[in-house]
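Q: Handing you this structure, nothing more for now.
Residue numbers (full-length UniProt numbering): 1 to 617.
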């Protein structure tokens with residue numbers, strides 16, 4: 001079992017993820033060293049300003065004194081003492097102290113201000129750069145994750161990890177580092193001043209630290225689960241907002257505004273409730289810290305008054321001691337309050353590391369195929385999405401010849417899309433194997449495998465940007481002439497000609513400035529430009545009006561020329577021209593043949609063909 005650190009701030013287990021993310025800060029260690037030097041300057045000047053009070057009161061208002069006698073005994077200690085005496089005389093003993101003391105005070109304040117600026121600027125700069133690097137790595141990781149991850153993980157959770165958690169892990173680390181270094185150095189410096197001024201009174205001040213440590217541990221344990229719950233609720237809120245934004249037409253059409261508002265209100269109320277608990281704990285901790293410090297201050301005043309009556313302390317020393325003690329309250333309070341940003345930092349670090357540790361897509365293949373013919377084979381393939389769930393494909397066997405047009409038909413849930421998703425390895429088989437040109441696709445390098453396929457699906461996804469950028473997405477090095485040729489083949493030349501911006505016209509987020517048919521044809525143009533040997537069509541003509549379907553079907557005919565094509569369709573009228581129709585049910589092939597052959601058999605396909613409404617059931 002991992003033992004907890006004794007300071008009550010965090011455990012070794014908590015710090016593992018945090019220390020891992022510190023790798024993003026190490027490249028900037030030179031700036032961190034300079035920041036530490038500046039922080040030391042802040043602590044040194046802060047401490048000296050407190051010690052400055054004693055000679056100001058005791059000697060500043062006294063008449064000028066004679067120069068100090070030099071100690072001629074020799075040695076390092078004597079030399080240092082001579083320097084100290086000369087410096088003290090220069091500041092406090094000469095008649096010029098009337099202007100020397102204020103100038104020296106301003107000098108100390110300027111040094112402190114510059115040091116504080118340099119330390120804050122450098123550490124903030126490091127934080128911004130580290131966050132940028134971390135987000136790049138997280139985005140690169142997201143590109144490596146499987147389709148299963150993207151299907152099972154809410155988009156709000158991914159966004160929260162990429163944006164909020166990444167920033168909180170590093171920015172809070174920067175804030176915690178500033179507090180732990182600067183305020184700890186200030187406290188140490190002021191403690192040295194207190195010991196120098198009066199060691200007996202310093203013992204009383206020392207009693208505060210174990211009490212403040214216990215207080216910090218108590219609030220740390222109390223806040224840990226609350227902060228984690230608040231972060232989880234924020235992720236849930238992101239999901240709700242994202243769903244309503246993307247599904248706004250469904251919400252409005254079905255009158256779901258009240259239901260959506262209730263979901264949002266519920267999670268928002270949870271965030272408010274947890275926020276109140278955090279605020280309550282934070283607000284209560286400061287008065288308790290101040291109460292402990294006040295008791296210590298009261299005892300200090302009592303002892304100092306008693307020592308003054310005995311002639312063991314001066315007014316200047318007492319005032320300097322009180323000033324140093326009061327100056328110490330703010331950094332002590334910062335150290336006591338550090339548990340909230342520290343807990344947030346640890347929780348965010350854990351979330352980020354869990355995201356970075358998510359298992360990527362398997363890419364163990366080493367073979368790179370060239371001149372692919374497009375022959376495909378499913379060899380006794382089983383697919384089970386969940387270990388104890390039903391098989392999506394059960395002993396699935398299918399051979400597809402080069403250039404053959406094969407249609408997969410069947411009811412929803414029959415396994416059509418699963419079979420198609422196996423080819424680019426969006427889905428992994430539970431058993432069996434899939435072959436491309438007699439090579440197991442698991443032995444093919446993933447990028448090379450996917451370069452052999454072009455996809456046109458019902459759920460077309462277009463990127464916010466220009467028409468040119470979206471078509472060229474499949475082949476970034478394509479010329480504008482090649483893009484225009486692809487658009488013409490997709491029956492979209494009228495879209496280019498009708499806009500004064502031509503290829504550079506903006507199409508909106510996910511192509512929302514285009515009609516459904518135009519969006520579909522942009523996807524076809526993208527597939528034409530890729531010029532892959534195998535084409536995957538997943539419900540490519542569904543949900544279109546007759547004219548749009550005619551234009552899309554013409555474009556698809558051009559696209560399928562000289563390519564192996566696999567067509568998934570519910571509308572059986574769109575697959576009548578296929579070379580072979582594979583009829584599926586419950587993960588099995590129940591019939592196969594041409595349209596005429598299957599209709600002549602008067603079997604399952606004929607039933608589906610004559611009862612099209614059942615297809616969507």
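Using N, Cα and C, we set each Cβ at its ideal position, and we do this for glycine too.
1. Please work out which residues of its chain come closer than 7 angstroms, Cβ to Cβ, to residue 402, disregarding the five sequence neighbours upstream and downstream, and give them in chain order.
2. Using the C-alpha atoms, what's the distance from residue 555 back to residue 566?
3. Using the C-alpha atoms, what's the distance from residue 526 back to residue 115?
4. On the DSSP letters alone, give me the boundaries of the beta strand (DSSP E) that residue 584 sits inside.
5. Look at residue 126 and residue 32 and say whether their C-beta atoms are less than 8 angstroms apart.
6. What residue from 119, 514, 294 and 224 has the CA that sits closest to residue 207's CA?
7. Taking contact to mean at least 3 C-beta pairs separated by less than 8 angstroms, is the region 173 to 191 in contact with the region 46 to 56?
8. Would you give the residue range spanned by the beta strand (DSSP E) that residue 591 belongs to?
9. Closest to residue 371 by C-alpha separation, out of 437, 352 and 210, would be which residue?
10. Name the two residues that bound the continuous beta strand (DSSP E) containing residue 392.
11. Could you pull the start and end residues of the beta strand (DSSP E) that residue 350 belongs to?
12. Using only CA atoms, which one of 589, 269 and 278 lies nearest to residue 220?
13. Under the rule that 16 or more other beta-carbon atoms within 10 Å means buried, what is residue 346, buried or exposed?
14. Output the distance between the C-alpha atoms of residue 411 and residue 595, rounded to the nearest integer angstrom.
15. How about the region 315 to 327 and the region 258 to 268: do they share at least three Cβ pairs that are nearer than 8 angstroms?
16. Can you find at least 3 beta carbon pairs, one from the region 460 to 473 and one from the region 425 to 440, that sit closer than 8 angstroms?
17. Report the partner residues of residue 534 according to the DSSP bridge assignment.
18. Can you pull the DSSP bridge partners for residue 410?
19. What are the partner residues of residue 379, as DSSP defines its beta bridges?
20. For residue 575, count neighbouring Cβ atoms within 10 angstroms of its own Cβ and tell me buried if that reaches 16, exposed if not.
21. Start and end of the alpha helix (DSSP H) containing residue 485?
22. Are the beta-carbon atoms of residue 155 and residue 268 separated by less than 8 angstroms?
23. Going along the chain, which residues of its own chain have a beta-carbon closer than 8 angstroms to the beta-carbon of residue 175, five neighbours each way excluded?
24. Within its chain, find whatever has a CB closer than 8 angstroms to the CB of residue 335; leave out the 5 residues flanking it on each side and keep chain order.
25. Throw me the rounded Cβ distance for the residue 304 and residue 201 pair, which I believe falls under 8 angstroms.
26. Grouping DSSP H, G and I as helix and E and B as strand, with all else coil, what is residue 405?
27. The alpha helix (DSSP H) with residue 419 in it runs from where to where?
28. Looking at the secondary structure, which residues open and close the alpha helix (DSSP H) in which residue 152 lies?
29. Does the distance from the C-beta atom of residue 510 to that of residue 455 stay below 8 angstroms?
30. With C-beta atoms as the reference, is residue 112 less than 8 angstroms away from residue 158?
31. Looking at C-alpha atoms only, which residue of 397, 229, 198 and 223 is the closest neighbour of residue 308?
32. Pull up the distance between the alpha-carbon of residue 152 and that of residue 602, whole angstroms please.
33. Does the Cβ of residue 331 have 16 or more other Cβ atoms within 10 Å, making it buried, or fewer, making it exposed?
34. When the Cα atoms are used, what is the spatial distance from residue 4 to residue 21?
35. In angstroms with no decimal places, state the Cα-to-Cα distance between residue 496 and residue 535.
A: Reading it off the structure:
1. For residue 402, where only same-chain residues beyond five positions count, the Cβ hits under 7 angstroms are 373, 374, 375 and 564.
2. Their backbone Cα atoms lie some 16 angstroms apart in a straight line.
3. Whole-angstrom Cα-Cα distance: 57 angstroms.
4. 580 to 585 is the extent of the beta strand (DSSP E) around residue 584.
5. For residue 126 and residue 32, yes; Cβs fall inside 8 angstroms.
6. Taking each of 119, 514, 294 and 224 in turn and checking the Cα distance to residue 207, the smallest one comes out for 294.
7. They touch, by the three-pair rule.
8. For residue 591, the enclosing beta strand (DSSP E) covers residues 588 to 593.
9. Of the candidates 437, 352 and 210, 437 places its Cα closest to the Cα of residue 371.
10. Counted as a single uninterrupted DSSP element, the beta strand (DSSP E) harbouring residue 392 occupies residues 391 to 400.
11. Taken as a continuous stretch (DSSP letters only), residue 350 belongs to no beta strand (DSSP E), being part of the alpha helix (DSSP H) at 339 to 356.
12. The option with the nearest alpha carbon to residue 220 is 278.
13. Under this definition residue 346 is a buried residue.
14. C-alpha separation (whole angstroms): 17 angstroms.
15. With fewer than three CB-CB distances shorter than 8 angstroms, the region 315 to 327 does not count as touching the region 258 to 268.
16. No, because fewer than three Cβ pairs between the region 460 to 473 and the region 425 to 440 fall closer than 8 angstroms, the two stretches do not touch.
17. According to DSSP, residue 534 bridges with 453 and 564.
18. Note: residue 410 sits in a beta bridge opposite 584.
19. Beta-bridge pairing links residue 379 to 433.
20. With 16 or more other Cβ atoms from the protein chains shown falling within 10 Å of its own Cβ, residue 575 counts as buried.
21. Residue 485 -> alpha helix (DSSP H) spans 480 to 489.
22. Annotated as distal: residue 155 and residue 268, with beta-carbon spacing of 8 angstroms or more.
23. The residues 341, in chain order, have a CB closer than 8 angstroms to that of residue 175 in the same chain once the five nearest residues on each side in sequence are set aside.
24. Closer than 8 angstroms at Cβ, skipping near neighbours: 179, 180, 183, 184, 187, 212 and 216.
25. Between residue 201 and residue 304 the Cβ distance is about 6 angstroms, and since that is below 8 angstroms, they are a contact.
26. In the three-state scheme derived from DSSP, where H, G and I count as helix and E and B as strand, residue 405 is classed as strand.
27. From DSSP, the alpha helix (DSSP H) with residue 419 extends over 416 to 422.
28. Going by DSSP, residue 152 is part of the alpha helix (DSSP H) stretching over 147 to 152.
29. No, Cβ-Cβ distance for residue 510 and residue 455 is not below 8 angstroms.
30. With respect to residue 158, residue 112 sits apart: the two C-beta atoms are not nearer than 8 angstroms.
31. Closest in C-alpha terms to residue 308, from the list 397, 229, 198 and 223, comes 198.
32. Roughly 40 angstroms between the two C-alpha positions.
33. Residue 331 is buried by the Cβ-count criterion.
34. With a pLDDT of only 35 at residue 4, under 50, the local geometry of the prediction cannot be trusted, and no value is derived from it.
35. Using only the alpha carbons, I get a separation of about 25 angstroms.
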